[in-house]
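Student: Shown below is the structure under consideration.
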Amino acid sequence: MRRSEVLAEESIVCLQKALNHLREIWELIGIPEDQRLQRTEVVKKHIKELLDMMIAEEESLKERLIKSISVCQKELNTLCSELHVEPFQEEGETTILQLEKDLRTQVELMRKQKKERKQELKLLQEQDQELCEILCMPHYDIDSASVPSLEELNQFRQHVTTLRETKLEMQKSQNEAVCEGLRTQIRELWDRLQIPEEEREAVATIMSGSKAKVRKALQLEVDRLEELKMQNMKKVIEAIRVELVQYWDQCFYSQEQRQAFAPFCAEDYTESLLQLHDAEIVRLKNYYEVHKELFEGVQKWEETWRLFLEFERKASDPNRFTNRGGNLLKEEKQRAKLQKMLPKLEEELKARIELWEQEHSKAFMVNGQKFMEYVAEQWEMHRLEKERAKQERQLKNKKQTETEMLYGSAPRTPSKRRGLAPNTPGKARKPVAASTCSGKKTPRTGRHGANKENLELNGSILSGGYPGSAPLQRNFSINSVASTYSEFAKDPSLSDSSTVGLQDSLPPEENVFVCPKLRWPALLPKR
């Protein structure tokens, strides 16, 4: 028998004893029967009301439990669906009270899981938003209104972890960039302030690495140098001006462009003047970097042009035929190579500059003028220089020919000539003399022409070649401007073989003979 049944029987026995005790009291007192009946009715009524009230309360409890079970089951099903878990199933048979308790406990557990997942989702979304803003990346795509599953939360956590690692790497890179920027600033300040090498070596330990203490030390060094810069303003500005000139040269600035920066000549060495110079340096650096490829192409053309002019100068030098060590052959090969490179460089640069000008809608300037105009000007100046040199040679040869016609030729004995027998010691070579029409002896050639240089006859005097016929003077007319190498090469008047001939300026053939020793013309008496 259950304990509750025993208690119920004991309650009945207790009630029976109470009623018997009441009756004994009533008899002892002498209460009449009708009053005993009334009292017994009152006792019955009280007992019945008490039991009815207790029964009603218990019935109400049962109803509440049943209602709670229904509510819990409904909520539990919803939570299981939201949390993506299997529906709750009660194991075995159980009472209403136990079922309600189990369901309520399970609901509370599910509510807690839902709250935790929502809180974690919110936290992950906040972290994702912060990291994505830093990294400039799109936010993680997830429905914030629904309850995420465990798998979804796990994927979200991994995504945020990846973002943190990326941010860490980025911060590390940024820190390294900041440290490197501070080092660059330090080196620039060292150069501007002309800090001695031993003082630079004193801070060599912080010139590598990117830890927090290194960054702090670098910042302290920058602050120290900035303070020193303020104390040496003039020295710093003069160093910047040297750097400005270098950038002007690299950017092929014209004199007008350089003079446009008026602070360059200012002498009030203040912080504002320094800021103007710093701003100009930054502008020029950016300008050079944007056009670096073109500037390097122009620089290459100028270097090639200088080499070309140098070989052109050597080609017009009569002493080049000594050819010691095979230099002449090497120079001719290099010169031929440059003659091929120049037109190619000019065409490539022209195409690239035209494309750049179309993209930027402005002209690409070199030394204050368009590059191709600059190239054409260089070729024209070179052409005019060759014309001038050619006329000088013609004038010199004309004067020399006239002198020889009047006084006769007297060559100088060349030193150490190949293929000629050495001079006999103690014997002097007699110069060849020419007589005049009257039969009188002309002055010895040694008195008038002994100190004259050998004539440049077609650039081959040392080989004994006889000069070709060419007019002594030419009338020059510039019908077109040689703007590129291709045009320059087509101009026959600028050939390197444009030496002055003598035959048209000498007397008739019967008055001329060739010296058997040195192979140059001399005058004969007129028949």
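For our numbering, add 87 to where a residue sits in the sequence shown, where the first one is 1.
From the three backbone atoms N, C-alpha and C, an ideal C-beta is built for every residue, glycine too.
(1) Any idea which residues DSSP pairs M35 with across the strands?
(2) Nearest CA to the CA of D71: which residue from K424, W113, F382?
(3) What are the partner residues of M452, as DSSP defines its beta bridges?
(4) What is the DSSP secondary structure of V290, counted as helix, strand or coil?
(5) Please say whether L315 and L280 have beta carbons closer to each other than 8 Å?
(6) Which whole-angstrom value describes the C-beta separation of E313 and I293, a residue pair presumed to lie in contact below a C-beta threshold of 8 Å?
(7) Which same chain residues, not among the five before or five after Q214, have their C-beta less than 6 Å away from its C-beta?
(8) Return helix, strand or coil for L106, following the three-state DSSP convention.
(9) Using 10 angstroms around the beta-carbon of V129, count the other beta-carbons present and answer buried if the total reaches 16, otherwise exposed.
(10) Between E435 and the rest of its own chain, which residues show a CB-CB distance below 8 Å, the 5 nearest in sequence each way excluded?
(11) Three or more beta-carbon pairs under 8 Å between the segment 200–210 and the segment 236–244, yes or no?
(12) Measuring CB to CB, does L190 end up less than 8 Å from I156?
(13) Rounded to the nearest angstrom, what separates K149 and L186 at their Cα positions?
(14) Nearest-angstrom Cα distance between K209 and S168?
(15) Please classify E220 as buried or exposed, where buried requires at least 16 other C-beta atoms within 10 Å of its C-beta.
(16) Determine contact between the segment 290–306 and the segment 335–352, defined as no fewer than three beta-carbon pairs at a distance below 8 Å.
(17) Using the Cα positions of W392 and R287, report the straight-line distance between them to the nearest angstrom.
(18) Can you give me the C-alpha to C-alpha distance between E354 and A347, rounded to a whole angstrom?
(19) Quick check on the burial criterion: 16 or more other C-beta atoms within 10 angstroms. Buried or exposed for C101?
(20) Which residue from K387, K477, E180, E441 puts its Cα closest to that of S429?
(21) Just to confirm the assignment, what range does the alpha helix (DSSP H) spanning T248 have?
(22) Please list, in chain order, all residues of the same chain as F451 whose beta carbon is under 8 Å from its beta carbon, the five residues on each side excluded.
(23) So A349 is in the alpha helix (DSSP H); what residue range does that whole segment cover?
(24) Going by C-alpha distance, which of E399, Q318, F398 is nearest L361?
(25) In three-state DSSP terms, what is T165?
(26) So what's Q306 in DSSP terms, helix, strand or just coil?
(27) Less than 8 Å between the CB atoms is what I'm expecting for L163 and Q200, so what's the real figure, rounded?
(28) In terms of residue numbering, what span does the alpha helix (DSSP H) encompassing E397 cover?
(29) Just curious, the alpha helix (DSSP H) that L190 is in, first and last residue?
(30) Could you tell me how far apart the beta carbons of I368 and I324 are, in whole angstroms, since I believe they sit closer than 8 Å?
(31) Counting C-beta neighbours from all protein chains within 10 Å, is the total for K477 16 or more, i.e. buried, or is it exposed?
(32) With burial defined as no fewer than 16 other Cβ atoms inside 10 Å of the residue's Cβ, what is the status of V172: buried or exposed?
(33) Where does E97 sit, in a helix, a strand or coil, going by DSSP?
(34) Quick check on V234: does DSSP put it in helix, strand or coil?
Tutor: Taking the structure as given:
(1) Not covered by the structure: residue 35. The range shown for the chain is 88 to 614.
(2) The chain is shown only over 88 to 614; residue 71 falls outside these bounds and no answer can be derived.
(3) K457
(4) coil
(5) yes
(6) Not confirmed; about 16 Å, so no contact.
(7) V247
(8) helix
(9) exposed
(10) G384
(11) yes
(12) yes
(13) 12 Å
(14) 20 Å
(15) exposed
(16) no
(17) 41 Å
(18) 16 Å
(19) exposed
(20) One point to set straight first is that residue 429 is Leu, not Ser, in the sequence displayed. Nearest C-alpha to L429: K387.
(21) 237–280
(22) H378, L381, I440, W443, E444, K457, F458
(23) A349 -> no alpha helix (DSSP H), and no H or E assigned at all.
(24) Q318
(25) helix
(26) helix
(27) Incorrect: roughly 12 Å between the Cβ atoms, too far for contact.
(28) 379–402
(29) 183–222
(30) About 11 Å; that fails the 8 Å criterion.
(31) buried
(32) exposed
(33) helix
(34) coil
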